[in-house]
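Mapping to the numbering used here: the sequence shown position 75 is 75, numbers consecutive. Here is the structure we will look at, set down as C-alpha cells.
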Amino acid sequence: MNKTVLIFPAGMPRALDYLQKCLQEKQAVIGASSLGYDASRQKYPAWLYLPYVTDSAFNEALKQAVVEFNIGEIYTPNIVVWDHLNCILESLLPGVKLVNASPVDEVLGGYRSAMAKARYLVANPLALSSKMPPHHPLSIIETAGLIRYADLIPGMCDDDKFRALLEITRYSVEGDIVEVGSWWGKSAFILSRLARSFGIGKLLCVDPWANEHLIQNEKTVDSSSAQVDANEALEIFQIGLLPFNADHINYLRLPSVDAAKSYANSRSVSTEEFGDTEYTGQISILHIDGNHTYDAAKADVDSWEKFVVGGGWIIIDDYIWPYGDGPKRVGNEFLKNNAARIVTAFVMGTALFIQLSL
Ligand SMILES: C[S@@+](CC[C@H](N)C(=O)[O-])C[C@H]1O[C@@H](n2cnc3c(N)ncnc32)[C@H](O)[C@@H]1O
C-alpha cells in the first residue's frame, strides 16, 4: 500500500501548492497543524493535530501519527520545522523522509541564481562599437533584481537576448520604446525596467491578444498556440507590468498595422489599468516580436520603422527560428535596403539587432 505524505504545517501557501501536486498525482496525503482551528483543514482529504515542534510532546505525537496514518514522507515549508525534522527523523523514525530541500534554499534559490547570473553579466559586458557614449552599466544588484523579476514572468526571452538588451539600451537615444508582440510580458518587463534605468523613454506594447493572430501557418506551432488563452495572456501581462509602472508603460490591444496608424495620429494612449500615457511619436527602440510569417513580420517592420530615429535600434526577434524564415527574410531585406543608414548589426541569441546611424 502507498505510503501517505504528511504536510505540516498544512496552511502555508507552499504547503497548499504541494497539496495540489499530491492530489494531481493521486498521492495519499494528510495535513497537520498545531492550531486549534486551521482554515486550511477542509482542503485536505485527511487531517491531524500535532503540537508545535518546540513542545516536548511533539516527537512522540509524530511517531504515533506515522504509525496510525502510514506516513512515509513529510513535506514542510516551515524553516524551523524542517530543521527540527532534519535533526530527529533518522534516529526517531528511520525510513520516513523529508521530501523537500531546506525551505531557505527553496525560497532563496531564485535570488541566488539571479545574483550568480548578474555577477557574470556585469563582469562580461558585450563589447559594442558605437559613436554614442554609453550609460553607466547597471550594478550587480540592479541586474540581479531585473533577472529575478523577469524570471517570474513567463515568456520568450533567452539569456543571450537578455544580455544584448542589457547592453544596447546603454547605447540608446531617447524616445519611445515600441514592442510589437508582448504576450505575457517578459520582454516588455525587461525593456520597461531598462527604459527607466537609462532614462530612454516610455514603453508602448502593441499586441492584439487574440488567438486568431497566433496562427503562423506551421502545424506544430499553431496546435500549441491553440491551447493558450489570449485574454488570460493579457491579464498576465497586466499583473507582471502594472506594479512596475511609473507612468511609463501602456499598451494598444491592436494588430501592429492598426496600432501604427493610431500611433501616427495620436501621442496619447489610455487604458483602464495603466491610465493615460503620453508618447513622443519618435521611437528609440523598436522590438518586433509579433506573428512570424513573412507577410506579418514585413507588415510590422514596414508600419513602424519610419518612426525610428537616428541612433535608434530595431530588434527583429526570432531571426533564427526553427519553424520558419519570415523574420530572417524580413531582417535580411531590411539590412540590404537600408545599408547606408545602418551603423551596427549583429545577431545575438536568436534575434537580429540593428542600430541606425545618428
Ligand atoms: C512570441 S509572442 C511575444 C513574446 C514576447 N515578446 C516575450 O518576450 O515573451 C508573439 C506575440 O505576437 C502577437 N501578435 C501576433 N500578431 C500580431 C500583430 N499583427 N501585431 C502585434 N502583435 C501580434 C501575439 O499575440 C503574441 O502575443
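Where a beta carbon is used, it is the ideal one built from N, C-alpha and C, also for glycine.
Item, Value
"For my contact list, residue 356 and residue 290 are in at a C-beta cut-off of 8 Å; report their separation, rounded to the angstrom.", "About 20 Å; that fails the 8 Å criterion."
"Leaving out five residues on either side along the sequence, give the residues of the same chain with a beta carbon under 8 Å from the beta carbon of residue 325.", "294"
"CA-CA distance, residue 226 and residue 292?", "16 Å"
"Is any non-hydrogen atom of ligand 1 found closer than 7 Å to the C-beta of residue 214, if you look at the structure I gave you?", "yes"
"Might you give, ordered along the chain, the residues of its own chain that have their beta carbon closer than 6 Å to the beta carbon of residue 300, omitting 5 neighbours on each side?", "180, 256, 288 and 290"
"Using the Cβ count rule (16 or more neighbours within 10 Å means buried), how would you classify residue 224?", "exposed"
"May I ask you to check if the CB of residue 291 is nearer than 7 Å to at least one heavy atom of ligand 1?", "yes"
"Taking the alpha-carbon positions, what's the residue 358 to residue 341 distance?", "8 Å"
"Please list the terminal residues of the continuous beta strand (DSSP E) segment that includes residue 214.", "Counting along the chain, residue 214 falls outside any beta strand (DSSP E), and DSSP gives it neither H nor E."
"Run the proximity test for residue 256: is its beta-carbon closer than 7 Å to any non-hydrogen atom belonging to ligand 1?", "yes"
"With which residues is residue 348 paired in a DSSP beta bridge?", "351"
"Would you check if the distance between the CB atom of residue 110 and the CB atom of residue 153 is smaller than 8 Å?", "no"
"Could you say which of 62, 73, 67 and 7 lies nearest to residue 46 if we only look at CA atoms?", "7"
"Sort out for me which residues DSSP pairs residue 251 with in a bridge.", "205"
"Just to confirm before moving on: does the CB-CB distance between residue 244 and residue 193 stay below 8 Å?", "yes"
"Assuming residue 175 and residue 284 are in contact, meaning their beta carbons sit under 8 Å apart, how far apart are those beta carbons, in whole angstroms?", "3 Å"
"Considering only DSSP beta bridges, list what residue 271 is partnered with.", "275"
"Out of curiosity, what's the CA-to-CA distance linking residue 271 and residue 215?", "26 Å"
"Can residue 143 and residue 202 be called in contact, C-beta distance under 8 Å?", "no"
"Is any heavy atom in ligand 1 found nearer than 7 Å to the beta carbon of residue 207?", "yes"
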